[in-house]
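Residue numbers (the working numbering): 106 to 244. Backbone N, C-alpha and C define an ideal beta-carbon position, used for all residues, glycine too. Model, not experiment: these values are computed from the prediction. The structure under discussion appears below in the form of structure tokens.
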């Protein structure tokens, strides 16, 4: 990828969700870390912890609301104290609702002022899964 975008000068950092020291080292070298690790409820917390501890901005693609709530409770104060910005839900799970609300707002201020919320729904059809769907395992 580095060669394709003409950036041979960009380094590669190898880290594992199972190795806290490697995550700390990665966080110390970065200004911002973007992760797609999912399922986040199983693998996400170590990187949030490393970024909060090291003052590194963090962005993820989770749609797992319980994971996000847990991370806010556990790391908000530390992240804020160390200057890290933690941003979750920047992916498929949240974009349709965010864009839908934005476009409803663009449709007209008069219509919007009479509403206090916008509800959206997404239906997926797929064959039965042979393994539990991870985001729901904690419910």
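*Ends of the beta strand (DSSP E) at residue 138?*
137-140
*asked:* Taking the beta carbon of residue 112 as the centre, do at least 16 other beta carbons fall within 10 Å, making it buried, or is it exposed?
replied: exposed
*Have a look at residue 107 and residue 181 and give me their C-alpha separation to the nearest angstrom.*
33 Å
*Proximity to residue 188 [Cα-Cα], best of 203, 201, 163*: 163
*Per DSSP, which one or two residues make a beta bridge with residue 163?*
138, 191
*DSSP on residue 111, reduced to helix/strand/coil?*
coil
*With respect to the alpha helix (DSSP H) encompassing residue 146, which residues constitute its N-terminal and C-terminal limits?*
145-148
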